[in-house]
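Heads up: the protein sequence lines correspond to chains A and B, in order. Residue numbering for the first sequence follows the working numbering, starting at 982 and increasing by one per position. Residue numbering for the second sequence follows the working numbering, starting at 982 and increasing by one per position. Think of the CB as a built atom: it goes at the ideal place given N, C-alpha and C, for glycine as much as any other residue. Bear in mind the structure is a predicted one, so any value in this text is a computation, not a measurement. Right, one structure below, let's go through it.
2 protein chains.
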Amino acid sequence: MAPPSDIQELIRENHLPPRILLGPGPSLCDPRVLQAMAAPLLGHLDPAYLKLMDHIQELLRYVFRTQNRLTLPISGTGSAAMEAAIANLVEPGDAVLICVNGYFSQRQAEMARRYGGQVREIYRSWGEIFTLEDVTRALDEGPAKIVCLVQAETSTGVLQPVAEIAKLVHRQGGLLIVDAVTSLGGIPLEVDEWELDIVYSCSQKCLGCPPGLGPITFGPRAEAVLHNRRTKVANWYLDMALLEKYWGPERVYHHTAPITMNYALLEGLRIVAEEGIQNRWERHRRNAQLFWDGLSDLGLVCHAPLEYRLPSLTTVRVPEGVDEAAVRRHLLDTYHIEIGGGLGELKGKVWRVGLMGYSSQPENVILLLEALRREIG
Amino acid sequence: MAPPSDIQELIRENHLPPRILLGPGPSLCDPRVLQAMAAPLLGHLDPAYLKLMDHIQELLRYVFRTQNRLTLPISGTGSAAMEAAIANLVEPGDAVLICVNGYFSQRQAEMARRYGGQVREIYRSWGEIFTLEDVTRALDEGPAKIVCLVQAETSTGVLQPVAEIAKLVHRQGGLLIVDAVTSLGGIPLEVDEWELDIVYSCSQKCLGCPPGLGPITFGPRAEAVLHNRRTKVANWYLDMALLEKYWGPERVYHHTAPITMNYALLEGLRIVAEEGIQNRWERHRRNAQLFWDGLSDLGLVCHAPLEYRLPSLTTVRVPEGVDEAAVRRHLLDTYHIEIGGGLGELKGKVWRVGLMGYSSQPENVILLLEALRREIG
């Protein structure tokens, strides 16, 4: 016999369904990360919390592969970190070149326009990369103070090489901003070796933490531009000149830090360091390969060509005659598996499967493959 | 015998000291709120999460005492919510009047200037309120499209009456933005009855949640201004036109919500509703009175006069010859009690004691009084 309706209501209210998160993010969290958030709060100027901030910065430098002094988590999601990069570098009238081949590069362009940038866009279709020649040609037509590139496009599943383009951008006197939202902690990224000027990311993908923080790093060229601005940054909350006084030795109050989110990030970064960053990259690659091989056995086709396919996020073409939304709903309702639908130009055409952070495990791969087999078989 | 040094290092690394948070925020959290964050993640477009968003909005309307449709938590701290209010209302050239009598009204002015507002400031010393006559005089000199007021000034401990000023601002065709960062959930606040146009707050004070979210509400006049802007909001992350499409029935992806922080907020709001908002106001008032009476017995003087003294945050004058920073450090090191120092003009002159949310308990009051007695006795 079912319990009475008021009891049922109480059960429903507090019940969070189980989920195996294999979409474009958030990904699953290690239980250690979730438990870290249950620790009691410290004040944002407590000596014990300030020490913890230092540890976060040190571990962020480890995962970014950088010595950059100005490396910290923005108190907002990855989109806030994207906006921090653009708001702090772009002044009204600045020439900005955006390489648009997906949803998130479109967002960079939208933000750069809002900060008064003279935005020029070059295009590649959603699923292609930009070549060195593409960027050379664009910069030959006119230099750019800032060039924006997405290393790991969450909307297309494409991995964009960035090291050679950074050198090209520097040669004509500009700076490169790189979106590493879907790569940091899961895909090789070498901020110092590749001479990247600003790189930003998020907490909830390959770092395996909940959403809410946006790690960012500014290299020496970017710091110089920051300190030579003619105008104040239009955005107060994301103004790096104010943020660096809180994160630096001065410890000047700016905003009340999201203490608990930073507990989670610290624990997540410790887990990355315990695994070793290169081992983590290799795990992401290995589980992606397992998934790609399985897709091929099922007769399913990846949207991005193998030579620049992103291990952390795979776009799978929806076969002719299949209702992609119905499949996603069924996976969620029956097996508690979340995968993503297509975004922008690829809406309705692909599924987006993330194998990131704690979600990147062989058991999740073979479970999803079997579930897909039953859906479309 | 002490454990070997490598074991000691391990202990230190993971040890968070206990804290009784009686400063200007964050305040302590109910263990239920902390535990809520340990729940596994849902995706930000999961039907179960969307339902939870609806519950948060409904409960926020309950604590704001409003029917405003556009009521939601900003994915950043209280400062981000302040910026959301200003960025969305102020267009370049708009006449903005800021009533400056503390640190956070100065911040409103700084932000309004960054968004191109023609900012006029009127002043009262730190510890006084603005009268109806002050604002009448300022608006007679020239109308303002936007007037900013801080209901509960965290830097001075002053409670500013706002209802009559709202009517005044409306009569000359403007809108009132109210800072309720240190009042929401602890001090009477009647958004609809007082006809306040935009009110923003934070999660970590009287709501008793960790820092990281900024509840905000827009009334009908503010919505109208929002929908008739001539220019795009300069700030993409805080653009209400984009945020309302995610929080509204369209559910259009904007940014990946801080899922876990919203679990905490929902649990915190449920606790507020269980207690009853009026009972909660009364509890804050009662414990403040207990504290004020005890201070008086110790011969200590409150900076703000009784008639407009804030129950949630008390500024206590530092007695002649006492090293205020040494007292704070000693309270923290010996009794694990955090209180705040003075900010801005009151730096070195006052202590700031918060009795907010879960921290507002008689045992905390009598403990702090006894600790203070031992410090200065």
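Handout entry: Per DSSP, the bridge partner or partners of residue 1333(B)
Key = 1296(B) and 1321(B)
Practice task
Answer yes or no: does any C-beta atom of chain B fall closer than 8 Å to that of residue 1217(A)?
Solution key: yes
Problem - Every unbroken beta strand (DSSP E) inside the stretch 1104 to 1142 of chain B [3 residues or more] - result: 1127 to 1131
Handout entry: chain B within 8 Å of residue 1187(A), Cβ atoms only
Key = By this cut-off, residue 1187(A) is not an interface position.
Exercise for the section: With 9 Å as the limit, tell me which residues of the stretch 1221 to 1248 of chain B have their beta carbon closer than that to any beta carbon of chain A; keep them in chain order. Expected result: 1234, 1235, 1236, 1237, 1238, 1239, 1240, 1241, 1242, 1244 and 1245
Handout entry: Contacts of residue 1213(A) in chain B (Cβ-Cβ under 7 Å)
Key = 1095
Problem - Environment of residue 1069(B) [buried if 16+ CB atoms lie within 10 Å] - result: Residue 1069(B) comes out buried.
Problem - Segment contact flag, the stretch 1224 to 1231 of chain A with the stretch 1278 to 1294 of chain A, C-beta cutoff 8 Å, min 3 pairs - result: no
Problem - From 1046(B), 986(B) and 1056(B), residue whose alpha carbon lies closest to that of residue 1219(B) - result: 1056(B)
Handout entry: Proximity to residue 939(B) [Cα-Cα], best of 1096(B), 1147(B) and 1122(B)
Key = Nothing about residue 939(B) can be reported from this structure: the residues present for chain B run from 982 to 1358 only.
Practice task
Select from 1002(B), 1040(B) and 1027(B) the residue whose C-alpha is nearest the C-alpha of residue 1024(A).
Solution key: For residue 1024(A), the closest of 1002(B), 1040(B) and 1027(B) by C-alpha to C-alpha distance is 1002(B).
Exercise for the section: Mind listing the chain A neighbours of residue 1056(B)? Cutoff is C-beta to C-beta under 7 Å, in chain order. Expected result: 1057 and 1058
Handout entry: Cross-chain neighbours of residue 1254(B) in chain A, by beta carbon under 9 Å
Key = Going along chain A, no residue has its Cβ under 9 Å from residue 1254(B), so there is no contact; the nearest lies around 12 Å.
Handout entry: Segments of 3+ residues assigned as beta strand (DSSP E) that fall wholly inside the stretch 1208 to 1285 of chain B
Key = Listed in chain order, nothing qualifies, since the stretch 1208 to 1285 of chain B has no complete beta strand (DSSP E) run of 3 or more residues.
Exercise for the section: Could you please tell me which residues of the stretch 1081 to 1113 of chain A, in chain order, have their CB closer than 9 Å to any CB of chain B? Expected result: For chain B, the residues of the stretch 1081 to 1113 of chain A that bring a beta carbon within less than 9 Å of one of its beta carbons are 1088, 1091, 1092, 1094, 1095, 1096 and 1097, in chain order.
Handout entry: 8 Å Cβ cutoff met for residue 1006(B) and residue 1186(B)
Key = yes
Practice task
Pull up the distance between the alpha-carbon of residue 1109(A) and that of residue 1282(A), whole angstroms please.
Solution key: 16 Å
Handout entry: Beta carbon proximity, residue 1009(A) to chain B, threshold 8 Å
Key = yes
Exercise for the section: Locate the alpha helix (DSSP H) running through residue 1315(A), then write down its first and last residues. Expected result: 1305 to 1316
Practice task
Would you verify that the beta carbon of residue 1027(A) is, or is not, closer than 8 Å to some beta carbon of chain B?
Solution key: Output row for residue 1027(A): interface = yes.
Problem - CB contact below 8 Å: residue 1307(A) versus chain B - result: no
Exercise for the section: Check whether the Cβ atoms of residue 1297(A) and residue 1332(A) sit closer than 8 Å, and answer yes or no. Expected result: yes
Problem - Option nearest residue 1085(B) by Cα separation, candidates 1238(B), 1206(B) and 1133(B) - result: 1133(B)
Problem - For residue 1094(B), the three-state DSSP class (helix, strand or coil) - result: Under the three-state reduction of DSSP output, residue 1094(B) falls in the helix class.
Handout entry: Minimum Cβ-Cβ distance from residue 1066(B) to chain A less than 8 Å
Key = no
Exercise for the section: Inspect the beta-carbon positions of residue 1203(B) and residue 1155(B) and report whether they are closer than 8 Å. Expected result: Their beta carbons are not under 8 Å apart, which means residue 1203(B) does not touch residue 1155(B) by this criterion.
Practice task
Below 8 Å CB to CB, which residues in the same chain sit around residue 1221(A) once its five sequence neighbours on both sides are set aside?
Solution key: 1051, 1065, 1069, 1199, 1207 and 1214
Handout entry: Where residue 1302(A) falls: helix, strand or coil (DSSP)
Key = coil
Handout entry: is_contact[residue 1006(B), chain A] using C-beta, thresh 8 Å
Key = yes
Exercise for the section: Using a threshold of 8 Å, state whether the C-beta atoms of residue 1216(A) and residue 1216(B) are closer than that. Expected result: yes
Handout entry: Reference residue 1329(B), options 1136(B), 1259(B) and 1239(B), closest by Cα
Key = 1136(B)
Handout entry: Residue range of the alpha helix (DSSP H) that includes residue 1348(B)
Key = 1343 to 1357
Exercise for the section: Mind checking who residue 1100(A) pairs with in its DSSP beta bridge? Expected result: In DSSP, residue 1100(A) forms a bridge with 1077(A).
Exercise for the section: Kindly say whether residue 1000(A), judged by its beta-carbon, lies nearer than 8 Å to any beta-carbon of chain B. Expected result: yes
Exercise for the section: Use the C-beta contact count for residue 1352(B): other C-beta atoms within 10 angstroms, 16 or more gives buried, fewer gives exposed. Expected result: buried
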